[in-house]
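Chains as they are written, first to last, in the numbering used here: chain A, 1 to 322; chain B, 1001 to 1556; chain C, 2001 to 2145. See below for the structure under consideration.
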Amino acid sequence: MDKNSHLETVIRTHQITKEKELLNKHIQKKNEVKNALEDEYGSNVYAPFNSGSYEKNTAINTKFDFDLVSPFRRNAFGSGGTLKEMYEAVYDFLFHKYKNVAEVRKQKVSIGLEFYTDSDGDKIKIDVVPGRELNQDQYKDDENLNLFVYYKYGNIDAGSERIKTNVQSQINNIKERANKEKDSIRKIIRLLKVWKNTKGNYPTKSFFLELITIKAFDKGNITGNLWDKLKAVLEYIRDNITNSDFTLKDPGNSSNDLADTLTDSEKDQLANDMKNMLDRIKENDENLKTYFPENPKFKEEDKNRYKTNGSIPMPPPKLNFG
Amino acid sequence: MNDRVTKINTLIESIPDVKLLKPFVQGKFDIEGCISVFVEGLEEGLNFDVSIDPQYPFKSHDTETIKFYNEDLLAYRHIMGNGSICIHTAHSPVLSDKLCFDIESVKAWIRKYYINKDSDTHYEHLIVTNKAFKGNHFAFFFNEVEYSFSKNQFGFVDYSPLSNGIFYKDKIRSNILQVFYDRNRKTLSDVKWNIQLKFLHRSNGVFIFLKDTPSNNQRWAFEKWSELETFLPQEFLEFLHLVEEKSQKGKEKFLPLFIGYNITEAEIHWQVIMLEIGNFPIYGEKVNKQWLTMIDGNRTIDWAITRNCSYKYFFGRGRLNEQLTNSKILIIGIGAIGSIVAKTLVRSGCTKVDFIDYDIKEPENVCRSEYSFYTGISNKTNDLINEMCLISPFFEVAYGGFDYSEAFNFFLKTHLTDMNIKSEIEKHLNEYDVIFDCSADSDLLYLLTQLNINSTLLNFSISNHAKQFVCAAEQNRYEFITTQFNGGVLKFDTDDLYNPTGCWNPTFKASYNDINTLVQYALKHINLRFINDKALRNFVIETDDTDCLTINLKEF
Amino acid sequence: MSLEAHEELLNGLVEKGKSHYPNEFGGILVGYYSQDNTYLHITDTILPKTFKASKFSFERSTKGIERKLGIYYKEIPKQFYVGEWHTHPDNSPIPSLTDISALNAIINNQDACLANPVLLIIGYSKRKVDFGFYVWFENKLYRYE
């Protein structure tokens, strides 16, 4: 089996352009929510914007990651208002607005809107991230926001108000690297997202995978073909993530350490998953397909032609029909 | 005097702190003598009559063949009714060594229980002499109930005979306690057991909650009714009298009396006294123009055997991690693998386990699954429910009959395109904490991946000759299993299959031992992941039998 | 992509299917592709020697089929296994999820070597017969018009 051509196929079948309609649905929904927030909060909110992977050019078509950041003014919830009050108020607003058409959930730093399956069988998911400028009117100048941590987030306690970041520079940083290093960083990030998706609800955030990929490229001499590069990044994660002095700087605020978003046991799990994956692929190339599957919806086949794979076709021994 | 006796006398005299008070002589069977044993802290040595059986230094069954008696020590702990102290010592086939070990144990007993008056942290039950009652032994099993009895509360109970057995050389009848009623037959509390036990035929008994232990020194249960006299209120004796009169008409020849008492603040223990109908140890006496019910104090109390079979004792010696035992579990496919999984879970403390399978158990299935020949041809689901009910009194099955399996299959395979039914199925499956799919049905595997299920879903399958065992535990289960089995990753014999006579569908070849080894290995791994609170990953267990058997678990 | 099957063959399948009423019945389809692989000609069927069936399910074996296929393969043009057919008594010729899953199994089976298996479902009742021809293509099931 040719590992490189398989990985290339995986990336191709996960191209976001293959799901134009679904992407448009997401964009449309995102705009709807954005308008709703602006209508509700008027001049108390700066323009909400998408910070998801679509914005960063690192998206895959099986999970769109639409994160709508809503930058509120310092006094939007009263001059003495807390971040918790901001979070709760936005949740209440979204809950009442969407409770009949979506599952509205409190998440780590965001509020999740999972719209009920539409007539095409599609599910749209938008996360709203409420943030607040540091001082009145300061956002225009520095784009810095304070976020509220609702659930324990790695080593960051629930109720913590210490996440201060600049989402815009987070986006720009990753977008720039992903665009500049299309064949390395962008491809590896997409592959890691495909892998993460096979795990269901994995504690490591996409943002974390994006940053650690970039760090791996910055630290090591990563060259060779696509598999070589992917392997090097997996090895980098395996060998470094559990080191006590390992840090992952937030491009939006250099004093934030993204390594804190995972608990020690979550880091162990991540390192262990990398180790298992590398070992299994080393034992048998075919196992690569388990970790990095093609999107079955877009498996590549010759257009409008019947196809057999070589030898005499034989019916499988046992088949059930209903 | 024979050599053995001389040797023992010489040896005893040579052991420090031991004095030979009366030299050993050969009795009819035993060698008997009297010694004194001194340990620091005593003013003078304690005396013991010693008897040594012919088997010494070997044990007989599970008991030591040397006994140290002193009836003055009866009030201390770890003393048998005949005044012999309980010692458990090291093994030695050499008489001299063994004798030294045994004397050391006597010294240890003196230090621990005579001088320091230690009480062990675990509770020791009253010692009840087990005698046959009218030619039969009786055992009664009880379970904790959520009811707090008050002192001297009495009433009726229902119990059910389980089965008859042989107890050493006698017959024994085992029974379970079913319900507590007050004296007007109003239910106080139902005793929880599995559904089949609850349906057993019921008989009557009575109970009284004494609160205090029916014993003088917390060690031996009373032997005579006279000792119980002060414990039993007149009101209760009158109740007994009425019960006896009414029971005369019934078929039963005896009536069990359950005596309850606290062994800790929170825990009640029950002992049972067997009463012969028509011959209760009570009589009427006119005192000051009034009839009183009196106890015939000279009569011996006929104690039966009782056992606390509540969950914590029943599974006390070992069970799976709580996260599993507390889970509501569904097993789809109960062939070789599924039935072994079911039995392992139920034996290891899981109580809520449902089954789905629409296959029929045939005699030829018995050799490598958990079914019995005795039950003949039967739906696998119904048969396994029976098997599980025989094992665990706590097994609860909510769904699992054949109809349920049929309905499940029909809905899953024909109606999944209907969004409403799909979400109903999802809702139903999400009620389970853990789902084991042991069906090796690729259709089902595919369909399950189409559902939005939050339960822990584990797919088990095995290759021919039980060469490999595959467990899919993650979202990508379909790709994983397909790659392993059809993608040429796993190497196993695909030709040497077993073709049952008269059936066109070949099956894999492997014995109960082959399969069970791997299933247990897998379950142990899964249990360990639960204990350590770690995420479950897909895994493959590979065996290599080129030389010694090696089993290797690879996590993905 | 197109497909052709003789009426004679189809009538034969209906007859065979009806003879198993009220249970489902089916078999495998034999045929060949045109030179440019855009056109499929279904020529014949091989019926299973052993099978399990109910009103809502049909499970076939391949006992003896391999030998028969060998004979078809020697003909000119070479004919081979191209798909499956089965009936839906008292029902429409719409594939169930089990059917879709069966097609998946064919595609994922290395020996099957078929990328685009054809599925023919014959829905019938006392009064009418409906044919549904389907082909698996680009991970979707398409019905022939």
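Glycine is no exception: its CB is placed at the ideal position from the N, C-alpha and C atoms. Just so it is clear, the structure is predicted and the values come from calculations on it, not from any experiment.
Looking from the CA of W1193 (chain B), the closest CA among B:T1264, B:R1319, B:S1203, B:N1143 belongs to B:N1143. Remark: C-beta atoms of Y1069 (chain B) and G1081 (chain B) do not approach each other more closely than 7 Å. For secondary structure counted as the beta strand (DSSP E) over 3 or more consecutive residues, the segment 1148 to 1233 of chain B holds these complete runs in sequence order: 1154 to 1167, 1170 to 1181, 1187 to 1190, 1203 to 1211.
Cα atoms of Q1153 (chain B) and F1236 (chain B): separation of roughly 9 Å, rounded to the nearest angstrom.
The Cβ atoms of P316 (chain A) and A2105 (chain C) lie closer than 7 Å to each other. Under DSSP, I1052 (chain B) forms a beta bridge with B:I1031, B:I1066. The Cβ atoms of A232 (chain A) and F246 (chain A) do not sit closer than 7 Å to each other. Around H1201 (chain B), the same chain offers S1160, P1161 as residues with beta carbons nearer than 8 Å, after the five sequence neighbours per side are excluded. In the three-state DSSP reduction, I1259 (chain B) falls in the strand class (E or B). With a cutoff of 7 Å on beta-carbon distance, D1030 (chain B) and S1051 (chain B) are scored as near each other. Counting C-beta pairs closer than 8 Å gives three or more between the segment 180 to 199 of chain A and the segment 209 to 227 of chain A, which meets the contact rule.
DSSP places D65 (chain A) in the coil class of the three-state scheme, outside both helix and strand. By DSSP's assignment, M277 (chain A) forms no beta bridge with any residue. Residue-level contact by beta carbon fails for S1423 (chain B) and chain C, as no gap is shorter than 7 Å. By the beta-carbon neighbour count (other beta carbons within 10 angstroms, threshold 16), T1381 (chain B) is buried.
Taken residue by residue, none of the segment 177 to 205 of chain A has a beta-carbon sitting less than 9 Å from a beta-carbon on chain C.
In this structure, the CA atom of R280 (chain A) is about 25 Å from the CA atom of T62 (chain A).
No Cβ of chain C is located within less than 7 Å of the beta carbon of Y1358 (chain B). Rounded to whole angstroms, Y139 (chain A) and D2 (chain A) show a C-alpha spacing of 50 Å. Proximity of N1454 (chain B) to chain A, defined by a Cβ-Cβ separation below 7 Å, is not satisfied. Contact of Y1404 (chain B) with chain C by beta-carbon distance below 9 Å is absent, the smallest such distance being about 17 Å. Remark: C-beta atoms of V1039 (chain B) and I1087 (chain B) do not approach each other more closely than 7 Å. With contacts defined by Cβ atoms closer than 7 Å, G1205 (chain B) and R1183 (chain B) do not form a contacting pair.
In terms of Cα proximity to I222 (chain A), the closest of A:E210, A:Y236, A:D137 is A:Y236. Shown here, F1101 (chain B) sits in a helix according to DSSP, grouped into three states.
Minimum Cα-Cα distance from L2097 (chain C) among the listed residues C:H2006, C:L2119, C:V2082, C:Q2110 corresponds to C:L2119. Residues of the segment 283 to 300 of chain A that bring their beta carbon within less than 8 Å of a beta carbon in chain C comprise P296, K297, F298, K299, in sequence order.
Annotation: the continuous beta strand (DSSP E) that includes K2140 (chain C) extends over 2140 to 2143.
For the alpha helix (DSSP H) assignment, the uninterrupted runs of no fewer than 4 residues enclosed by the segment 1269 to 1318 of chain B are, from N- to C-terminal side, 1311 to 1314.
Residue range 2002 to 2005 is occupied by the beta strand (DSSP E) that includes E2004 (chain C). Listed in chain order, the non-local C-beta contacts of N1538 (chain B) below 6 Å within the same chain comprise A1472, A1473, E1474, F1480, F1556, local neighbours out to five positions each way being set aside.
Rounded to whole angstroms, F2080 (chain C) and K297 (chain A) show a C-alpha spacing of 27 Å.
Taking a contact to require three or more Cβ pairs closer than 8 Å, the segment 1503 to 1517 of chain B and the segment 1327 to 1341 of chain B qualify as touching. When DSSP states are grouped into helix, strand and coil, A59 (chain A) belongs to the coil group.
Listed along chain C are L2097, T2098, S2101, each with a C-beta nearer than 9 Å to that of L1447 (chain B).
With a beta-carbon spacing of about 5 Å, K175 (chain A) and K56 (chain A) fall inside the 8 Å limit used to define contacts.
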